[in-house]
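Okay, so the sequence shown: first residue is 1 according to this note's numbering, each after it adds one.
C-beta: ideal position from N, C-alpha, C; glycine also.
Bear in mind that the values here come from a model prediction, so they are computed numbers and not experimental data.
The structure under discussion appears below in the form of structure tokens.
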Amino acid sequence: MKRYFYIVLIFLLGFGFYVIHYGNNTTEATSSLDISKLENAVNSVDGRIVDWSLYARENLNISTDKGFAKFIKNIQSKFPDFKWQEKVKNDGTIVVGHFQHAHGEETIKFESTHTNGTTFSYVVYSIQGDKGLSTKDTKYIVDQYIPNIDKIFMNKPIIFSCIKGEINDRLDKVLSGQAVELLAELDAKQIESLEEKDFYSISAYSEEITQAIPTETEDMNIQLGLRDNGLGAKTTFVIGTPILTIEY
1 MKRYFYIVLI FLLGFGFYVI HYGNNTTEAT SSLDISKLEN AVNSVDGRIV DWSLYARENL
61 NISTDKGFAK FIKNIQSKFP DFKWQEKVKN DGTIVVGHFQ HAHGEETIKF ESTHTNGTTF
121 SYVVYSIQGD KGLSTKDTKY IVDQYIPNID KIFMNKPIIF SCIKGEINDR LDKVLSGQAV
181 ELLAELDAKQ IESLEEKDFY SISAYSEEIT QAIPTETEDM NIQLGLRDNG LGAKTTFVIG
241 TPILTIEY
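This is how it looks when you write it as structure tokens:
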């Protein structure tokens, strides 16, 4: 199961997420609201949110170390509240900045790698909260996180939204109850599902979500992973759009 989604993710990472396409409204602000739609669906089935995250990534068209360093210095000047660390490797450089605040932790990561005479570099900007997504958190995302994207990225990146949580019921009960209700709340149609021992995943498509990726048969933009956590009548879940970018 995990291998399947890792294959999808690696493919998208390698090609800069070019295969993902949008609906009619492609503004970052609209895209950011996808996480609120996921939150509303989770709350509708009495799920408890453990943490949430937004993640954006872009490949950089920078071919020299000097150009990479200049780009980073320019971004760092725009984010003085971030604490920066640099790690130089044999094959490249990693620079990471962190900013912890009331809404969670923001991270900006730059990486440049030299392979066979070619330089590959990218930037990632994420925010993660370790509690439920409050109205203030959502406002911060719209007022700060989304505008910051314009300061960091050269183009308009895909914003991946993810929520982790728990549902107080056994996996088999959740699959026949809350999972169905959660997808119905998003007006999502199941595309495919995969099952392993104590684990189940569902891929689906909803017109309410602003981005999608193609599969062999049709588009998808929601992934839901459910796992029996082995602690009695409780199921852990991860739901994300347009695909999950974390291990589950």
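query                                                                                                     : result
Three-state class that DSSP yields for Thr30 in the structure shown                                       : Confidence at Thr30 is low in this model, with a pLDDT of 44, below 50, so its placement is unreliable and the value that follows should be read with caution. Helix, per DSSP.
Contact under 8 Å by Cβ, Ala204 with Ile222                                                               : yes
Among Glu106, Ile159, Tyr122, nearest to Ile209 - alpha-carbon criterion                                  : Ile159
Alpha-carbon spacing of Gly47 relative to Glu195, whole angstroms                                         : 21 Å
Beta-bridge pairing of Ala188 - partner residues as DSSP gives them                                       : Ser206
The stretch 119 to 137 touching the stretch 211 to 219, judged by at least three CB pairs closer than 8 Å : no
Buried versus exposed call for His103 [16 or more other C-beta atoms within 10 Å across all chains shown] : buried
Simplified DSSP state of Val45, which is helix, strand or coil                                            : coil
Exposure label - Thr245; buried when at least 16 CB within 10 Å                                           : buried
Asp34 versus Phe68, Val142, Lys109, residue with shortest Cα-Cα distance                                  : Val142
Residue range of the alpha helix (DSSP H) that includes Val255                                            : Because residue 255 is not part of the residues shown, which for the chain are 1 to 248, the question remains open.
Contact the stretch 37 to 57 vs the stretch 178 to 187: 3+ CB pairs below 8 Å                             : yes
Anticipated Cβ contact below 8 Å, Ser124 with Arg170, distance rounded                                    : This sequence places Val at residue 124; Ser is not what is there. Not really, about 36 Å apart at Cβ, beyond 8 Å.
Reference Gly117; option with closest CA among Lys156, Ser53, His101, Asp91                               : Asp91
Cutoff 7 Å; reference Leu38; Cβ partners in own chain excluding five residues on either side              : Ser161, Ile163, Ile239, Thr241
Own chain, CB closer than 6 Å to Asp130, minus 5 neighbours either side, in chain order                   : Asp51
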